[in-house]
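One structure is given here, and the rest of the page talks about it.
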Amino acid sequence: MIRRRAGRGRAPLSLLLPACLTVALLLLPLAYLVVRASGGGGRGWRVLTRSNTLELIWSTGLLVAGVTLVSVTIGVSVAWLTTRTDLPGRRFWAVAAALPLVIPSYVAAFCLLGAFGPRGLLQQLLGVERLPEIYGYWGALAALTLSTYPYVLLLVSAALRGLDPALEEAGRGLGRTPLEVFRRVTLPALRPSIGAGALLVALYTLSDFGVVSLMRYDALTRAIYLQYKSLFDRTPAAVLALVLVVLTALVLWLESRWRRRVSRSGPGTARQARPQRLGRWRWPALAYCSAVVGAFLAVPATVLVYWLARGLDRAEMPWREAANSMTASSLAALAAVVAALPIALLATRYRTRLTALLERLSFAGNALPGIVIALSLVFFAANYASRLYQTLALLVFAYVVRFLPQALAGIESALASVNPRVEEAARALGRGPAAAALTVTVPLIRSGIFAGAALVFLSAMKELPATLLLRPIGFETLATEIWKLTSVGSYSRAAVPALVLIVVSAPFVYFLSSRHEPTGVEHG
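Residues in the sequence shown are numbered consecutively from 0, following numbering that gives the first Met the number 0.
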């Protein structure tokens, strides 16, 4: 294996200045929390001494660890089966396994409750009086895994498609078993993508509010929401939100340790690998993929279709809401990719303490609940930029603050597989750092850029708290329509925008999950 050197000279100003400006804007919610927490004197900090605060931190960490472990296990295994083996119908399974990404986490929780909760479909089907309790840790873990494992699946699949299969073929030629080749050759090369996917899962779980509320699981985000809702003084909520930031820093540190030794494929050009024959494991692998798709896609879809059938006569197509969702999400995806590109280039090509700090600071907003980000932007807009208040620009900015790490993860995982010598050759021919990045590096990492943009687009389509507080007057989205209808118990009518959200997003997921060109090109 060849290890990439961390640093490649002094960071150019053409990349450093836009990266610093981006990170400064991303830190606005954190600045709001610091101002709010420090402005309350010592009374806000007393929340840290309460007996249940440590329990909240423990329960939050336990949920993050569980969801991340399960999501990585499912994502890596399904990615390998659908990109590296002769699994029957592997293209179908690749798309179907990625489709749960379009289901909002709160909709996933509603669907699981509708299927397995009290008076749910399973209880009606079995005709029993009571089923095992779905509320609590296991219900939250199932709903969040449903919504997050596709992050790992998509990033690892993109990395596998861009990975030069020569070393794997050499390992098999030396008599190694497929499991040994995967463990000793493939898995080390996938470290950047697995780490990026696990990071997105962990940050999503840290910041989720809808699932833990519906599943009645005590987590920090739920406590923050209750503090904001029940008290006029928001200082304790700001302190708890700062605890989330500390947990985010811990997650980032663990992820950096995981990715410290980055492996890349050897010399040669990345090409499509010859499918690995599963042999007698073919049908167990097919059963496994069927179980994943059945549990995480078929169950929610069945519940939504059931609700739709019950209220089909009252169904109204949310055309305007769908158009609004696509407009805001597309702008957010474009803005996030543009903002993340200089940060990713600095972090991977000019690794210093400063560039590493910029990279880590850009993740700060992702762990904050959407309601905290929205309230902080309302505070700054109302006091310092009133013209931006309740505009589409402010909503898109909130999406970028919330989801920029997803664009960053896609770009960095692609950069990890591109040999820096290609850019050095362009620099030797007289091109500047920015020109070399735009003309040489960007075309090579287009798959990673598309992956990052897709993740931002799909996440923005589902975002609820920030949309509720920051959207322009009359600007309804599919997410706000779903929440408005479910909050009054109109599940049958809510099934329509929920299914429209899935249908609108599904082609984008198909495009992302069925790409077969390499993530990058590796040269000797």
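Even glycine gets a Cβ: it sits at the ideal position worked out from N, Cα and C. Note that the coordinates shown come from a computational prediction; the quantities given were computed from them, not determined experimentally.
Rounded straight-line distance, which links the Cα of residue j to that of residue i
i    : j    : result
G113 : F181 : 39 Å
V200 : T220 : 16 Å
T390 : L469 : 7 Å
A392 : V151 : 30 Å
S491 : R309 : 6 Å
P266 : S212 : Legend: pLDDT at P266 = 41, less than 50; position of this residue unreliable, value from coordinates given subsequently. Their Cα atoms are separated by approximately 50 Å.
L374 : A397 : 10 Å
R9   : A415 : 19 Å
R263 : Y287 : The predicted model places R263 with a pLDDT of 48, which falls under 50 and marks its position as unreliable; any figure quoted below should be read in that light. Rounded to the nearest angstrom, the two C-alpha atoms are 29 Å apart.
L24  : P317 : 34 Å
L403 : P274 : 34 Å
I223 : E128 : 36 Å
V292 : S458 : 20 Å
G369 : R276 : 45 Å
A331 : L467 : 16 Å
V508 : S50  : 44 Å
I481 : V495 : 8 Å
I372 : Y388 : 14 Å
P361 : G126 : The sequence given here has Ser at residue 361, not Pro. If I take the Cα positions, the gap works out to 51 Å.
T21  : V487 : 39 Å
A346 : S412 : 11 Å
R505 : P442 : First, the amino acid is wrong: residue 505 is Ala here, not Arg. For A505 and P442, the distance between alpha carbons rounds to 25 Å.
Y349 : S192 : 20 Å
F474 : K483 : 13 Å
T234 : L225 : 13 Å
A300 : W282 : 25 Å
T250 : L376 : Going by the sequence as given, residue 250 is Val instead of Thr. Distance between the alpha carbons of V250 and L376: 25 Å.
S489 : G116 : 17 Å
W257 : R118 : 44 Å
Nearest residue (CA-CA) to residue i, options the options
i    : options                   : result
A321 : G119, V502, L484 and L29  : V502
L32  : S76, Y150, Q123 and A240  : A240
A107 : A465, K461 and C288       : K461
L154 : W482, F456, G447 and S458 : G447
L15  : F115, Y105, R352 and S50  : R352
L12  : Y305, A30 and I342        : I342
S140 : E480, T48 and G60         : With the sequence shown as reference, residue 140 is identified as Leu, and Ser is not the correct amino acid for it. When each option's Cα is compared against that of L140, the closest is G60.
F378 : V34, A18 and T21          : V34
F456 : S329, V22, L125 and Y305  : S329
M325 : V101, A36 and L27         : V101
V238 : C19, F474 and R45         : R45
R160 : G126, P103, F208 and L80  : L80
A465 : F208, L186, S412 and Y383 : F208
L186 : S486, L47, S76 and Y349   : S76
V210 : R118, G88, L225 and A142  : A142
T52  : F91, P17, I444 and A236   : A236
P471 : Y136, V66, N323 and T440  : N323
R359 : L225, W252, R89 and V400  : W252
A158 : G116, T234, T144 and G74  : G74
E315 : R90, L145, A493 and T354  : A493
Those residues which DSSP pairs with residue i across a bridge
i    : result
T220 : DSSP, once it has assigned bridges, lists no residue as partnering T220.
T52  : In the DSSP output, where bridge partners are listed per residue, T52 has none listed.
Q275 : T84
Distance CB(residue i)-CB(residue j) smaller than 8 Å
i    : j    : result
L62  : T204 : yes
L463 : A453 : no
E132 : L198 : no
G409 : A380 : no
L498 : L307 : yes
A538 : A339 : As shown, the chain starts at 0 and ends at 523. That puts residue 538 outside it, with no answer to give.
A363 : T247 : yes
L86  : L285 : yes
L130 : Q122 : yes
R215 : Y134 : yes
V242 : L29  : no
L500 : Y305 : no
S206 : L47  : no
T485 : F109 : yes
A195 : L162 : no
R319 : N365 : no
S156 : A64  : no
Check: residue i C-beta below 7 Å from any heavy atom of the ligand FMN
i    : result
F181 : By its list of ligands, the structure shown contains no ligand whatsoever, and the ligand FMN lies outside what it can speak to.
Next item on the list: Spell out a yes or no on whether the segment 92-103 and the segment 293-300 are touching, meaning 3 or more CB-CB pairs, one atom from each, closer than 8 Å.
Entry: yes
Next item on the list: Mind the definition here: the segment 45-58 touches the segment 212-219 only if three or more C-beta pairs lie below 8 Å; say whether that holds.
Entry: yes
Margin query: Counting beta carbon pairs with one atom in the segment 143-150 and one in the segment 62-74, are three or more of them shorter than 8 Å?
Written below: yes
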